[in-house]
Structures are given as structure tokens and as C-alpha cells.
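The sequence shown begins at 310 in this note's numbering and counts up one residue at a time.
Note that beta-carbon positions come from the ideal geometry of N, C-alpha and C, so glycine has one too.
Structure, as C-alpha cells:
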Amino acid sequence: MDWLEGNIALDPLFCWPSENDYYLVENSPCAISGQDSTYMGAYGIGCPPLHMGPDWHVAIDGGDDYNDGSFETPFATITRALQQAEDGDSIIIHPGEYFETIDFTGKQIVVGSLYLTSGDSIYIEQTVIKGAGPGSIIVFESGETNTSILKGLTLSDGTSSHGGAIYIAESSPLLEDIIINSNTADYGGGIYFENAEPILQNIVLSGNSANYGGALFFKDCSLNVNNIMIEDNMAYYGAGIYLQESIMEFEYTLIVNNESFSEGGAIYCFDSNILLNHLTIADNVSFNGGGALLAFNNSNLQIQNSILWNNSPQEIMFSPWETFNYVSIMNSDVMSGIEGVLTNDNGDVEWDSASIALYPLFCDPDSGNFQLALNSPCLDAGGDSLYMGAYGMGCEAILSNQEEIIPYELSLLYSYPNPFNPSINIPFTLPAASNVEIIIVDILGRVITELSNKTWSAGRNSITWDADHFSSGVYFIHFTAGDYQKTQRIVLLK
Numbered sequence: 310m311d312w313l314e315g316n317i318a319l320d321p322l323f324c325w326p327s328e329n330d331y332y333l334v335e336n337s338p339c340a341i342s343g344q345d346s347t348y349m350g351a352y353g354i355g356c357p358p359l360h361m362g363p364d365w366h367v368a369i370d371g372g373d374d375y376n377d378g379s380f381e382t383p384f385a386t387i388t389r390a391l392q393q394a395e396d397g398d399s400i401i402i403h404p405g406e407y408f409e410t411i412d413f414t415g416k417q418i419v420v421g422s423l424y425l426t427s428g429d430s431i432y433i434e435q436t437v438i439k440g441a442g443p444g445s446i447i448v449f450e451s452g453e454t455n456t457s458i459l460k461g462l463t464l465s466d467g468t469s470s471h472g473g474a475i476y477i478a479e480s481s482p483l484l485e486d487i488i489i490n491s492n493t494a495d496y497g498g499g500i501y502f503e504n505a506e507p508i509l510q511n512i513v514l515s516g517n518s519a520n521y522g523g524a525l526f527f528k529d530c531s532l533n534v535n536n537i538m539i540e541d542n543m544a545y546y547g548a549g550i551y552l553q554e555s556i557m558e559f560e561y562t563l564i565v566n567n568e569s570f571s572e573g574g575a576i577y578c579f580d581s582n583i584l585l586n587h588l589t590i591a592d593n594v595s596f597n598g599g600g601a602l603l604a605f606n607n608s609n610l611q612i613q614n615s616i617l618w619n620n621s622p623q624e625i626m627f628s629p630w631e632t633f634n635y636v637s638i639m640n641s642d643v644m645s646g647i648e649g650v651l652t653n654d655n656g657d658v659e660w661d662s663a664s665i666a667l668y669p670l671f672c673d674p675d676s677g678n679f680q681l682a683l684n685s686p687c688l689d690a691g692g693d694s695l696y697m698g699a700y701g702m703g704c705e706a707i708l709s710n711q712e713e714i715i716p717y718e719l720s721l722l723y724s725y726p727n728p729f730n731p732s733i734n735i736p737f738t739l740p741a742a743s744n745v746e747i748i749i750v751d752i753l754g755r756v757i758t759e760l761s762n763k764t765w766s767a768g769r770n771s772i773t774w775d776a777d778h779f780s781s782g783v784y785f786i787h788f789t790a791g792d793y794q795k796t797q798r799i800v801l802l803k
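Following this line, the structure appears as C-alpha cells:
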């Protein structure tokens, strides 16, 4: 067979072959053939040029069958645009809700909202990709690099075993200007990372839940995370972040109002090294310890230029199990100072002279504003940094007396550790000096011991019950202060 000059092997680009229309689009490779002919095939040009990228548009009123992905005739689904996109192209998603599961399949492309072209952040909230069923909404597992970019979108309602919204393995994409909310998983309610080195910038994770890592789960990772916000997430372990055998750096990050049903209200570290620089970690709760940070099995924590405040039941806890842990606190503001670190005799704490334990004077934490007031002790606090925490100054001077700003509520806080052996710490707060009665009763309601029947000062207080001479079992703390009464279940395991 002779293959002569002028022959090609390219898609002829028929107008509507599904409708038996085999005329050529204007930019068909068969429309200008040379060799004394104006076209190849039975019919010549019969419709306008077909869109060939590099920008592929998707809109909820678009169509996948007859549209070509141009701005004028967008596709209806992101999946269809992915089929057309080649390396170097962009997929631009117009406002609306899309129910899809998207795998980048190694393509070096940009996927984002009209924020890509306009710079208007309103499109981030208006362009939402929701889970279409079991499985992560976005998948990177084909060796993607930072030339694979996800930008300017909201991801919600995803459900998966690993990564409710995003799953990243053996890949390093760029994620930027993303909102991730209301996703669930066993590991990593928001994002799951394994052996990955992605770039994360300007990410908000809220309302996500998991067994491990309510917002983020890292396994065998080494990367820097910059300028993210983690709030209102839940998990049994690591409501904000769970780290497993990873080396991580977090900078300029806010972690607030997350709740762990076991350990690690904000961060759980398992055999990991972590550097926290300019973080604000506040108002997180963990039932069994480590309101801000839980260190387990040879974890190394370095905290600098950061604020850890009002995390319950304490700021940092070392697990009493496995090998020693270590924390270094430099030029930071930690509630209760070095006493805010519960080591359980399983690690060492280094506290430098530039660190403080003073109320940071946030501008308006109840409204989510964790910037610092002009008279905050975290401004110009020494060291090489101008301020401690994720944000600098954001308002004029406010009252410096903490009790005048946010008076303590009358409350029995979560006792820890629970289960315990042989002692348990029982923290509580008082808005004013009050007589406090604390008794321990067994499962039959019999009073075992009275721990307190005296006046305590206003503020945060605690008392310890040493149950060394009591048998294993379920006990109850009965707490009474004025008209306030509360009972809390605890378990002694020997």
C-alpha cells in the first residue's frame, strides 16, 4: 500500500453525525485538503467552527450532546469537559450546583470557577460541586503535580471511606481558594492525603466529620500548609487534623471550635513531627484530653509565634502510652503556661522566656474575628516576629481585664483522662467566688468520697481524684455550686 502525501489520520469533525449530518465543521482538518480539492469527503463545510479550547466552559444550563464547551455553548458537566481538556487547558465552571465525581487522571489542567478569570471571590461560594454518591468528590491519584490545579470552588456533601471531599495519593496538586464543608469520611472528612506533597493555600474547612481527622488526615506526608482555616469540624481523634507518620509545617492558620469525642480537639499527632508557626488554636474541645494538641508515640511538636487559648480540657496532652514525646514552645501565648501541658510523665517540655500565659485580647472571637486588639500582649511580644498568632492587629484597644471581656461561665468541664488509672483531673469554671461541693458516687449511688466542700475563687479551677485504693468500675462526679448541678460519668480501669 502506498500512503501518499496529503493523507491524514485526524478526526474529521462532522457537524452532527448522531443526526446523520456528515457535513464538516468550518475548522475540520478535512475542510482544506489541497490536491486540487477544497475538502475531503462527500460534503463540504456545513456548520460554524468547533470550539477547540484551551478554555472549556461548564454551566448548569449547558449541554453535553451538541454543545462544544465554548463560552457561548458550554457543556453541562465537568466530566464532559475533562474528556476534552488536554494538558495546559482550563475548565471554567459557571455558578450553580454540580453533582459529580471528578478524577483528574493525571491531566495537567486547571479546574475552577469564574474566579479564575474575574478574580471575584463571590464565585467561590456560588460554584458548588457536591458528592454524587459514595466516593470522594475530587480524586488525585495518578501522579499529578502542581500543574494540576483546583481553584476557586466549594466542595460539599461528599461521603467516602478516605477523603469525603478530596482524595490525594502519590500526587502533589495545587489546591487554592477552596471552601470544603459538610463532608464525611472514616479518614479525613475534608481531605485525605497519603504519601503526597500538595500545595495548600487559602483553604476553609468547616462542618466536616470523620473517625480520624475531621477536616484533614495526613499519612506519610511531608509538606507546608499555609493560610487555612479549620472550624466546627468533628471527629473521634483529631477533630481538626490527624497526622500519622508525617513531617508537617503549618503557618498562619486558624483552628477553632472543633470537637473531638476522644482525643485531639484541634490536632492529633501520631509518630509525627510538626512545626506550628503563627497559628491561633482556640476554643477546641476534646473529651479525653489534648484540647489543642495530643501527642502520641514519639511525636515532636515545635510551637512558635502562636496562640493556644481556651482549649478544653487542657492545651496540650502527651499520651501516657508508647514512647516519649517532646514539645518546644517559643515566643507563644499558651493558656495556663507550662501548666497547660499535661505530660503524663511521658515526655519533655521546653518553654522559652519569651512565651507568655496572658489573655490574647482577640477583637471579637464570638463573631469569628481572632485578630488582635491594639493593646494585646501578643503584639510586639519579642522574638523575631511582630505578633503571635495567625493574624496581627485588627481593632483598637479593648478592656484588658479578661473577666470583664468574657466572664467565665459556671461549668463542670470534661474530666480527663477518661477512662483513667489511677487519677483523674476534674476542671471547672466559676464566674464568681462560690462554694463548690464535689462528691464521687459509685454505680449504686453510694457516696465514695467527698473531694470538695469549700469556697473557690472565680476563674478556671481543677481538683484531682486519686483512686489508687478503689476498684475498677463506673463512677459518677456530682458537682454542685449554688443552684448549678451536674453529673459526669467516669471509668476507672486498672
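Could you give the first and the last residue of the continuous beta strand (DSSP E) run that contains glutamine 680? As a working note, residue 680 is residue 371 in the sequence shown. Run containing glutamine 680: 678-682, per the beta strand (DSSP E) assignment.
Just to confirm the assignment, what range does the alpha helix (DSSP H) spanning tyrosine 424 have? What you label residue 424 is simply residue 115 of the sequence shown in a count that begins at 1. Looking at the DSSP string, the run of the alpha helix (DSSP H) that includes tyrosine 424 is 424-427.
Rounded to whole angstroms, what is the Cα-Cα separation between proline 363 and glutamate 395? By one-based count along the sequence shown, residue 363 stands at place 54. By one-based count along the sequence shown, residue 395 stands at place 86. Approximately 8 angstroms between the Cα atoms of the pair.
Note down, in chain order, each residue of its chain lying with its Cβ closer than 6 angstroms to the Cβ of serine 586, except the 5 sequence neighbours on either side. Reading the sequence shown from its first residue, position 277 is the one you call residue 586. Looking at the sequence shown, residue 586 is not serine but asparagine. Only Glu560, Gln613, Asn614 meet the Cβ criterion.
Please specify which runs of the beta strand (DSSP E), each continuous and at least 3 residues long, are wholly inside the region 708-769, giving them in chain order. 732-739, 743-751, 756-765
Considering only residues of the same chain and omitting the five flanking positions on each side of isoleucine 714, which have a CB-CB separation below 8 angstroms? On the sequence shown, residue 714 is found 405 positions in, with the first residue counted as 1. Model confidence at isoleucine 714 stands at a pLDDT of 43, short of 50, so the residue's coordinates are unreliable and nothing is read from them.
With DSSP as the reference, identify every bridge partner of methionine 361, one or two as the case may be. Within the sequence shown, residue 361 is the residue found at index 52, counting from 1. Looking at the DSSP assignment, methionine 361 forms no beta bridge with any residue, so it has no partner.
Same chain, Cβ closer than 6 angstroms to tyrosine 424, five either side skipped, listed in chain order: Position 115 of the sequence shown, counted from the first residue, corresponds to residue 424. Same-chain partners within the cutoff: Tyr432, Ile433, Gly461.
Closest by C-alpha distance to tyrosine 352, when choosing among Thr414, Asn582, Cys339, Leu719: What you label residue 352 is simply residue 43 of the sequence shown in a count that begins at 1. Out of Thr414, Asn582, Cys339, Leu719, Cys339 has the C-alpha closest to the C-alpha of tyrosine 352.
So, for valine 810: in the same chain, excluding its five sequence neighbours on each side, which residues have a beta-carbon less than 6 angstroms away from its beta-carbon? This structure cannot settle anything about residue 810, because the visible part of the chain is limited to 310 through 803.
Glycine 547 classed as buried or exposed, judged by whether at least 16 other C-beta atoms fall within 10 angstroms: On the sequence shown, position 238 is the one that residue 547 refers to. Answer is buried; the Cβ neighbour count reaches 16.
If the criterion is Cβ atoms closer than 8 angstroms, does the pair glycine 522 and asparagine 567 meet it? As a first step, residue 522 is located in the sequence shown; it is residue number 213 there, counting from the start. As a first step, residue 567 is located in the sequence shown; it is residue number 258 there, counting from the start. No, the pair does not count as a contact, with Cβ atoms beyond the cut-off.
Quick one: measure Cβ to Cβ for proline 629 and asparagine 609, integer angstroms, because I've assumed they're closer than 8 angstroms. Taking the sequence shown and counting its residues from 1, one reaches residue 629 at position 320. Taking the sequence shown and counting its residues from 1, one reaches residue 609 at position 300. Not confirmed; about 18 angstroms, so no contact.
Inter-residue spacing [alpha-carbon to alpha-carbon] between leucine 333 and threonine 382: In the sequence shown, counting from the first residue as 1, residue 333 sits at position 24. In the sequence shown, counting from the first residue as 1, residue 382 sits at position 73. Distance between the alpha carbons of leucine 333 and threonine 382: 18 angstroms.
Runs of beta strand (DSSP E) lying entirely within the region 390-421, each at least 3 residues, in chain order: 399-402, 405-408
Classify tyrosine 496 as buried or exposed, calling it buried when 16 or more other Cβ atoms lie within 10 Å of its own Cβ. As a first step, residue 496 must be located in the sequence shown, where it is residue number 187. Burial call: buried.
Looking at the strands, I want to know which residues DSSP matches up with glutamine 435. Residue mapping note: residue 435 aligns to position 126 of the sequence shown, counting from 1. Partner(s): none; glutamine 435 has no beta bridge.
DSSP state of isoleucine 647 mapped onto helix, strand, coil: For the purposes of this step, residue 647 is taken as residue 338 along the sequence shown, with counting starting at 1. Helix at isoleucine 647.
Completely contained alpha helix (DSSP H) runs for the region 519-597, where each covers 4 or more residues: none
Contact check, valine 437 vs isoleucine 411, beta carbons under 8 angstroms: Start at 1 with the first residue of the sequence shown, and residue 437 comes out as number 128. Start at 1 with the first residue of the sequence shown, and residue 411 comes out as number 102. No, they are not a contact pair.
Tell me the DSSP bridge mates of cysteine 356? Here residue 356 is taken as the residue at index 47 of the sequence shown, counted from 1. Looking at the DSSP assignment, cysteine 356 forms a beta bridge with Val334.
Using alpha carbons as the reference points, say which of Ser327, Glu328, Thr347 lies closest to glycine 315. By 1-based counting over the sequence shown, the position of residue 315 is 6. Ranking the options by Cα distance to glycine 315, first place goes to Thr347.
According to DSSP, is threonine 388 part of a helix, a strand, or is it coil? The sequence position of residue 388 within the sequence shown is 79, counting from 1. Helix at threonine 388.
Less than 8 angstroms between the CB atoms is what I'm expecting for valine 650 and alanine 666, so what's the real figure, rounded? Here residue 650 refers to the residue found at position 341 when the sequence shown is read from its first residue. Here residue 666 refers to the residue found at position 357 when the sequence shown is read from its first residue. At roughly 11 angstroms, the Cβ-Cβ gap does not stay under 8 angstroms, so valine 650 and alanine 666 are not in contact.
What three-state label does DSSP hand proline 383 in the structure shown? On the sequence shown, position 74 is the one that residue 383 refers to. Note: proline 383 maps to coil in three-state DSSP.
Around the Cβ of arginine 389, are there at least 16 other Cβ atoms within 10 angstroms (buried) or fewer (exposed)? For the purposes of this step, residue 389 is taken as the residue at position 80 of the sequence shown. It is buried - the Cβ of arginine 389 has at least 16 other Cβ atoms within 10 Å.
Can you tell me which residues form a DSSP beta bridge with phenylalanine 671? The residue given as residue 671 occupies position 362 in the sequence shown. According to DSSP, which records beta bridges pairwise, phenylalanine 671 is partnered with Leu681.
CA-CA distance, phenylalanine 760 and isoleucine 583? The residue labelled residue 760 in the question sits at position 451 within the sequence shown. The residue labelled residue 583 in the question sits at position 274 within the sequence shown. According to the sequence provided, residue 760 is leucine. The question's phenylalanine does not apply to it. Computed Cα separation, rounded: 39 angstroms.
For glutamate 712 and threonine 463, I'd like the C-alpha separation in whole angstroms. Stepping through the sequence shown from its first residue, residue 712 is reached at position 403. Stepping through the sequence shown from its first residue, residue 463 is reached at position 154. With a pLDDT of only 41 at glutamate 712, under the threshold of 50, the placement of this residue in the model should not be trusted, and no figure is reported.
If the criterion is Cβ atoms closer than 8 angstroms, does the pair glutamate 453 and serine 480 meet it? Walking along the sequence shown from the start, residue 453 turns up at place 144. Walking along the sequence shown from the start, residue 480 turns up at place 171. Taking 8 angstroms as the Cβ cut-off, glutamate 453 and serine 480 qualify as a contacting pair.
6 angstroms CB neighbourhood of leucine 391 in its chain, flanking five on each side removed: In the sequence shown, counting from the first residue as 1, residue 391 sits at position 82. None.
Give the range of the beta strand (DSSP E) segment to which threonine 789 is assigned. Residue 789 sits at position 480 when you count from the first residue of the sequence shown. Where threonine 789 is concerned, the enclosing beta strand (DSSP E) stretches over 782-790.
CB of phenylalanine 633 to nearest heavy atom of the ligand FMN: below 7 angstroms? Summarising the ligand content, the structure contains no ligands, and the ligand FMN is consequently not present.
So, for isoleucine 369: in the same chain, excluding its five sequence neighbours on each side, which residues have a beta-carbon less than 6 angstroms away from its beta-carbon? Locating residue 369 in the sequence shown gives position 60, counting from the first residue. Cβ neighbours of isoleucine 369 beyond the five flanking positions: Gly405.
Report the option in Ser621, Tyr700, Asp751 whose CA atom is closest to the CA atom of serine 569. Locating residue 569 in the sequence shown gives position 260, where the first residue counts as 1. Among Ser621, Tyr700, Asp751, the Cα nearest to that of serine 569 belongs to Ser621.
Pull up the distance between the alpha-carbon of phenylalanine 605 and that of asparagine 655, whole angstroms please. Here residue 605 refers to the residue found at position 296 of the sequence shown. Here residue 655 refers to the residue found at position 346 of the sequence shown. Cα-Cα distance, rounded: 9 angstroms.
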